[in-house]
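**Student:**
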Amino acid sequence: MEKQQLESHPENSATGRRSFLKLAAATGTLGAAALVLKQVQIPRLDTGLVAEPGEEKIVKTACGLCPCGCGLDVRVVGGKAVKIEGNPLHPLNQGVCCLRAQASLEILYSPERIEHPRRQLGERGSGDWEEISWDEALSIVAGKLGELRAAGQAHSVAFLHGELRGQMRGLVERFMQAYGSPNVISQDSLGEGLARLTMLLTQGVNAYPVYDLNNANYVVAFGSNLLESSRHVIGYLGSLAFMRRGRPQRGKLVSVHPRMALTGVKADEWVPIRPGTYAALALGMANVIINSGLYDAEYLQDFTFGFDDFEDENGQTHKGFKSLVLEGYPLERVSDITGVTTDVIARLAGEFATNRPALAVMPTEPAELNAGNSLYTAMAIHALNALVGSLDGKGGVLVQRFPDLGEWPLYNADLLGNESIAQPRLDGAGSPQIPLAGSVYQEVARRILAEDPYPINALFLLNANPVYEVPNQGEVSQALLKVPFVVSFASTLDESAAHADLILPASTFLEIWGDDFIEGTGFAGVTLRQPVVEPVHDTANPGDVLLLLAGRLGGPLADALPWSDYQMLVRERLSALDLDWDKFLANGNWSEMVYFNAAPGSKAWEQVVGRDRLSAPKDGRFDFYSRELHAILGATRPELSADPAALDLACLPHFQAPTALEGDLNQSVEFPFLLISQGLLMHSRSWQGIIPTLQECYGLQTFVRWNSWVEINPETAAELGLDDHDEVWVESPFGKLKTQVRLYPGIYPNVVFMPQGQGHFTQVAWGRHSELGQIGVNANTLMRSTTEPLTGQAIFNPVRVKISKA
Amino acid sequence: MKMKPAPILIFSLCLAALLLALALPGRQVLALPEYSSQTGEPCATCHASPSGGGVRTPRGQAWVAQSKPGEVPDLVTALDALGVTLDVNEADYVLVPETIDPPSPLTGMPASEISSSISLEVQRWIADFGGN
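Line order of the protein sequences matches chains W and H.
According to this note's numbering, the stretch in the first sequence is residues 258 to 1063, in order.
According to this note's numbering, the stretch in the second sequence is residues 19 to 150, in order.
1) I'd like the list of long-range same chain contacts for E313(W), defined as Cβ closer than 6 Å, with 5 residues on each side in sequence excluded.
2) In the DSSP output, what is I1032(W) paired with across the bridge?
3) Measuring only between beta-carbons, confirm whether P666(W) sits less than 8 Å from chain H.
4) Would you call E485(W) buried or exposed, if buried means 16 or more other Cβ atoms sit within 10 Å of its Cβ?
5) With respect to the beta strand (DSSP E) encompassing K995(W), which residues constitute its N-terminal and C-terminal limits?
6) Give me the chain W residues within the contact set of V94(H), using Cβ-Cβ distance strictly less than 8 Å, ordered along the chain.
7) Just the chain H side, please: which residues come within less than 7 Å of F578(W) by C-beta, in chain order?
8) Ordered along the chain, which non-local residues of its own chain (more than five positions away) have a Cβ less than 7 Å from that of L340(W)?
9) Using the beta-carbon of each residue, which ones in chain H are nearer than 9 Å to I212(W)?
10) If distances are taken between C-alpha atoms only, which option among T749(W), G771(W) and I933(W) comes closest to P1055(W)?
11) By the 10 Å Cβ neighbour count, where 16 or more other Cβ atoms means buried, how is A35(H) classified, buried or exposed?
12) Return the CA-CA distance between W143(H) and G687(W), expressed in angstroms with no decimal places.
13) What's the gap between the Cα of G1049(W) and the Cα of S446(W)?
14) With distance defined between alpha-carbon atoms, name the residue in P623(W), H940(W) and D869(W) nearest to I1052(W).
15) Give me the subset of the segment 774-804 of chain W whose CB atoms are less than 8 Å from a CB atom of chain H, sorted by chain position.
16) Mapping the DSSP letters down to three states, classify T1044(W) as helix, strand or coil.
17) Counting only Cβ pairs nearer than 7 Å, list the residues of chain B close to A856(W).
18) Taking the beta carbon of W770(W) as the centre, do at least 16 other beta carbons fall within 10 Å, making it buried, or is it exposed?
19) If contact means a Cβ-Cβ distance below 8 Å, which residues of the segment 334-357 of chain W contact chain H?
20) What does a CB cutoff of less than 7 Å around S764(W) pick up in its chain, not counting 5 residues either side in sequence?
21) By how many angstroms is the C-alpha of Q864(W) removed from the C-alpha of L886(W)?
22) Check this for me: beta carbons of I969(W) and L1000(W), under 8 Å apart or not?
23) For Y698(W), count the other beta carbons within 10 Å of its own beta carbon; 16 or more makes it buried, fewer makes it exposed. Which is it?
24) S859(W) versus chain H: which residues are under 8 Å apart at the beta carbon?
25) For E988(W) and M517(W), what's the separation of their Cα atoms in angstroms?
26) Run through DSSP, which three-state label would A677(W) get?
27) Pull up the DSSP beta-bridge partners for A415(W), would you.
28) With DSSP as the reference, label E622(W) as helix, strand or coil.
29) In whole angstroms, give me the CA-to-CA distance for G149(H) and W386(W).
30) Going by DSSP, which residues form a beta bridge with H65(H)?
31) Whose Cβ in chain H lies nearer than 8 Å to the Cβ of H575(W)?
32) According to the Cβ coordinates, are Y475(W) and L483(W) closer than 8 Å?
33) Suppose you measure from the CA of L761(W) to the CA of V744(W); what does that come to, to the nearest Å?
34) Please tell me whether A145(H) has its Cβ less than 8 Å away from any Cβ of chain W.
35) Would A537(W) be called buried (16 or more neighbouring beta carbons within 10 Å of its own) or exposed?
36) How far does the alpha helix (DSSP H) with G495(W) in it reach, from first residue to last?
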């Protein structure tokens, strides 16, 4: 339109000539400006962190910010890391990486980092720190450990840890074993260990499930934030794109969750559900599938156990999965429990059973199944996979394999260590009360305070910040103060490190040697972690620190850990793979590259069904009725002998009411809402400091930055007289927090949501806060964890709350 | 009527971009949508990037090495063609028809006393995990 007017107007010819001259001049000016700009010295801060011109290279390493362990390409200029991208040669992330990895230069060069080892001079928690040398720090720790061991108190040393990758898990366990303590305690009980336990009790393999979205036609994610915070999120994001657009038949993703998280946003369908009721929905779907005859009876007969009722060796009849589901989970009842309408349940079940390969996904991330009914919920979800034959087939549940590196070399243990290690564990895992727990992280503080089963004299924290992570209302801080000697490997002064005697600051994952078992692909592989730059500060790899301590302690520790440094240890352990080291360095990883699906009944089938069973037969059968549970409960729950029906129920997936929905009526009136919390894409559990770029986009769906919020359904908010951005108090029986309201229609009406990962205290003013302080609020302070019997899983989510205008 | 400054700037930038493009040496295009049509495979079959181009996957490398036939070899064939030896017996993954034994009957009834040794053994069994 404008062009036509220009051409038709008589004056425009002259204007056009003038314009042309101007344009020519402007173009010339642009070129000249570009030349000038090249010579302009851009002012820069004299921090020493700006890259000087120099050698430019790409260094391949492994990300350490979440359990994905993506391969990274780090561009290094003049000895400074300047850009991070995904390694295209890595089988999981295939060249992409999430914002966390991209932003991890802000970790490497963070002003929050602890630059030298330090010792707390005043009372613990006082903040009166003195920087000391590594030699002095190691002398203090070795002296203390040697003293305790000589006094026969090795078992009174506990080692709490978060994610340990590659050889680090083996190193930590070996260090503590040679030292003589049974107390290596992981964070598995906060939720992440449940998927592995479920696989073990039903499918008989001690492995995380890997969901083959690439080849699946129908995927139902029960409670899992599959595309935002699950264990293999980056792989699933790529697979979802392929499932949708990379192949002729488009697959469908359904997200079942009280909140439409990013997974729900990206899904084809979001099914809102009451918190903690996934088991009822899964069993309701099974009811429809069985009632409609949409299952393969021959497959179930040949490759599963306990689908139909059966007789034991004494001729006693036991209830099978089919009877349980048909009797106990008719649609109307399931709808009453879950809040999902009967027609939606029936449709989901029909679509699931008739669009195979179909997948029922259970959460592999913390805080999604912590309602007090975790085990039977996860079993119910996984039973759907067996019902439609989705075990290890294309588009089914794959079993993550790991490289076979062989046993660690034998060492000479001593009597002192052997006696100490036979003591019961601090966390109660492996006691008859909690037989199905590998670790019970949330119990540690309570037991330290109660000196149960014995006083703890020293505590190590590696990738662990229990004061922040465990909803225990200050108990963890008190427990740390009660322990005479606390050592933290923190990189920043996190809430737990603040209560330590010593901080041995860990280098970031960009400064150390290491390895990382590839997960999320199914096939085995290893990603190499190598230093991309020289350490920015006077920090160390915790692996090296443990080896140095072992050397100083001598005896069985030096014998068990003879390596001069962690790089040597990694290299020797990986030598079992007979790798070409130069190629390994150049590619950044090695993998088997192909996942072979085992046909049911094939020789390889034994590796994916039943391989790791302890008491149950390794007969290649998936257990609807868990024979492993039957054996364990038989040994640890004598009261069940009098009640065969109760024993049968305890071995079958079933619905149990979430702990938060039980309790007295008065509490539910006073605290009418259920608060849920889940990890977001911008949250890294491996870094306890502030990452500015992630803070800038923390609330991807709510646009809240550098802060927390509470999501409320608009209808609920209207009833409370609340508007968007109102300041409110969120109060539970255990505490109260002030935050802002964000109205969000994608949340179940009586449920409210707060994000995880905020509420850290920071020593740095980030330009957004003039005073040193807290960024957002920690939703954990509204919760109080208890422990699930049998599994030891923490119960804390959801919690009842009330909301009032501030 | 004078032209507004914004169109002048846009035109200038376009012109500069055009000149720059013309000045660059010609490059051979190595990834083509036609290949996708020819083979019936998405770009990601042969390229690490789902949108095509750049680093090739093993299947893509083998396809090029075989002079771009009508079909892209499957991964196992491709790895074989590239000289990668897989330490796997494929026959183990295929069902050989044979009679499936019925499950052995459930054994072991609940004990009369709690067994601490078994619960400790179970804890070690669960903690004995070969992964990260």
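We treat Cβ as the ideally placed atom computed from N, Cα and C, and that holds for glycine.
**Tutor:** Taking the coordinates as given:
1) V334
2) H1017(W)
3) no
4) buried
5) G992 to L1000
6) Neighbourhood of V94(H) in chain W, by CB distance below 8 Å: V851, in chain order.
7) Correct list: empty, because the minimum Cβ distance to chain H is about 14 Å.
8) For the record, residue 340(W) in the displayed sequence is Lys; it is not Leu. These residues qualify, in order along the chain: R332.
9) There is simply no residue 212(W) to check, as chain W begins at 258 and stops at 1063 in what is shown.
10) I933(W)
11) exposed
12) 10 Å
13) Roughly 6 Å between the two C-alpha positions.
14) Residue P623(W) holds the alpha-carbon nearest to the alpha-carbon of I1052(W) among P623(W), H940(W) and D869(W).
15) F774 and E776
16) strand
17) Going by chain labels, chain B is absent from the structure shown, which instead holds the protein chains W and H.
18) buried
19) Result list: P345, L346, Q351 and G352.
20) P792, T796, A797 and N798
21) 20 Å
22) yes
23) Under a 10 Å Cβ-count criterion, Y698(W) is classified as buried, with 16 or more other Cβ atoms of the shown protein chains found around its own Cβ.
24) D110, Y111, V112, L113 and V114
25) 23 Å
26) Note that residue 677(W) corresponds to Ser in the displayed sequence, not to Ala. In the structure shown, S677(W) sits in a helix (DSSP, three-state: H, G or I).
27) L716(W)
28) coil
29) 37 Å
30) Beta-bridge pairing by DSSP links H65(H) to R74(H).
31) For H575(W), the chain H residues whose Cβ falls inside 8 Å of its Cβ are L124, in order along the chain.
32) no
33) 7 Å
34) yes
35) A537(W) is classed as buried because its beta carbon has at least 16 other beta carbons within 10 Å across all chains shown.
36) That run of the alpha helix (DSSP H) goes V490 to R502.
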